[in-house]
Structures are given as C-alpha cells and as structure tokens.
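J.: Sending over a structure as structure tokens; questions will come in a sec.
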Amino acid sequence: EVGMENFADRFIVVGCETVSGFETVADGQKVDPSIVGPGIMAKALQVVEDHPDLRAIVFECTELPLYSNAVRAATGLPVFDAVTCADLLMAGFMCNPRFGFKELQESWTGKQADCKLGDNLRNAGHAKLVN
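At position 85 of the sequence shown (counting the first as 1) the number is 89 in our numbering, and the numbers step up by one without a gap.
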C-alpha cells in the first residue's frame, strides 16, 4: 500500500490478439500493415462506440505507433504510444527553449549517430535478442 487509490475500474483494457494478422507479433514475425491496419482501426472504433465516455487511448505494443495517427483522426481522441511516451519522457529532461536556462544543452547537429539494433547490449543480451 502506498497511500493511493486504485482506479483500475477507470481503465478499459482491450487486447489485439483477435485482429487479423496480429498473431505475427506473438510469433516474433513482421506485421503486415495492410492486413493489420484495418483491424486495428475497426477495434479502436468499436471500443469508442462501446465506451462513449472514453477520453484517451494508450497503445502499449511497440507495433502499434504506425496506426496512431489514423486512430487519432478517426476517433478525435488523443492516442499515446511508445513514440509519444518516449517523447514525453525525453521532454521531461530537456530544457524548454522558451523558458529556463539558455545554452543548458548542446544543439543537435542534425546528424544521426551510427547505431544498430542491440549495440547497447552485452553478449548475454545479444543471445536473447529477437527481431
């Protein structure tokens, strides 16, 4: 107990395992957006219809950011996904250029660092790497 109320009844958890083509996620294979996209959209619209008091959507799977803009446009709701949540996390560490300390951080050069999937892992991590 941490002295906080549990508001679990305020959340609607919906799985995508029944979306056609999404089983490839469980199989560790590539998702075909032309197959999965219409199913994700139909699922999102059905959830909004079933829960008209819904105020936001959270896509927790890293395969779902591809569909966020379409779901935002179709539902009119904010959609949070792995990308927007990472942006939020990073924004918490960045100096806002409109306020605060100037020159706190170096400007980005515009050149992407050369990195590959798994560069940050040790040998044991590489053995577990899937994708």
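Just so it is clear, CB atoms sit at the ideal spot from N, CA and C, and this is done for glycine as well.
Do alanine 48 and valine 29 have their C-beta atoms closer together than 8 Å?
T.: By one-based count along the sequence shown, residue 48 stands at place 44. By one-based count along the sequence shown, residue 29 stands at place 25. No, Cβ-Cβ distance for alanine 48 and valine 29 is not below 8 Å.
J.: So what's valine 44 in DSSP terms, helix, strand or just coil?
T.: Residue mapping note: residue 44 aligns to position 40 of the sequence shown, counting from 1. Residue identity differs from the one stated: residue 44 is isoleucine in this sequence, not valine. In this structure, isoleucine 44 counts as helix in the three-state DSSP scheme.
J.: Confirm, please, whether the CB-CB distance from cysteine 20 to phenylalanine 26 is below 8 Å.
T.: Mapped onto the sequence shown, residue 26 falls at position 22. Mapped onto the sequence shown, residue 20 falls at position 16. For phenylalanine 26 and cysteine 20, yes; Cβs fall inside 8 Å.
J.: I'd like the span of the alpha helix (DSSP H) that includes arginine 76, first residue to last.
T.: Mapped onto the sequence shown, residue 76 falls at position 72. Start and end: 69-79.
J.: With respect to 7 Å, is the separation between the Cβ of glutamate 21 and the closest non-hydrogen atom of the ligand SAM below this value?
T.: Because no ligand of any kind appears in the structure shown, any question about the ligand SAM cannot be addressed here.
J.: Using the rule of at least 16 other Cβ atoms within 10 Å of the residue's Cβ for burial, across every protein chain shown, is phenylalanine 63 buried or exposed?
T.: For the purposes of this step, residue 63 is taken as the residue at position 59 of the sequence shown. Flag for phenylalanine 63 reads buried.
J.: For the region 13-60, list the beta strand (DSSP E) runs that are entirely contained and at least 3 residues long, ordered along the chain.
T.: Taking only runs of at least 3 residues, no beta strand (DSSP E) segment lies wholly in the region 13-60.
J.: I believe leucine 81 touches alanine 60 by the beta-carbon criterion, under 8 Å. Please report the beta-carbon distance rounded to the nearest angstrom.
T.: Start at 1 with the first residue of the sequence shown, and residue 81 comes out as number 77. Start at 1 with the first residue of the sequence shown, and residue 60 comes out as number 56. Yes, they are in contact, since the Cβ atoms of leucine 81 and alanine 60 sit about 6 Å apart, within 8 Å.
J.: Use the C-beta contact count for aspartate 4: other C-beta atoms within 10 angstroms, 16 or more gives buried, fewer gives exposed.
T.: In the structure displayed, the chain extends from 5 to 135; residue 4 sits before or after that span and is not available.
J.: Using the rule of at least 16 other Cβ atoms within 10 Å of the residue's Cβ for burial, across every protein chain shown, is serine 72 buried or exposed?
T.: Position 68 of the sequence shown, counted from the first residue, corresponds to residue 72. By the 10 Å Cβ count, serine 72 comes out buried.
J.: Specify the secondary structure class of glycine 134 as computed by DSSP and reduced to three states.
T.: Taking the first residue of the sequence shown as position 1, residue 134 is located at position 130. Correcting the residue identity first, residue 134 is valine in this sequence and not glycine. Three-state result, valine 134: coil.
J.: Looking at the strands, I want to know which residues DSSP matches up with phenylalanine 84.
T.: As a first step, residue 84 must be located in the sequence shown, where it is residue number 80. Answer by DSSP bridge pairing, in chain order: Val62.
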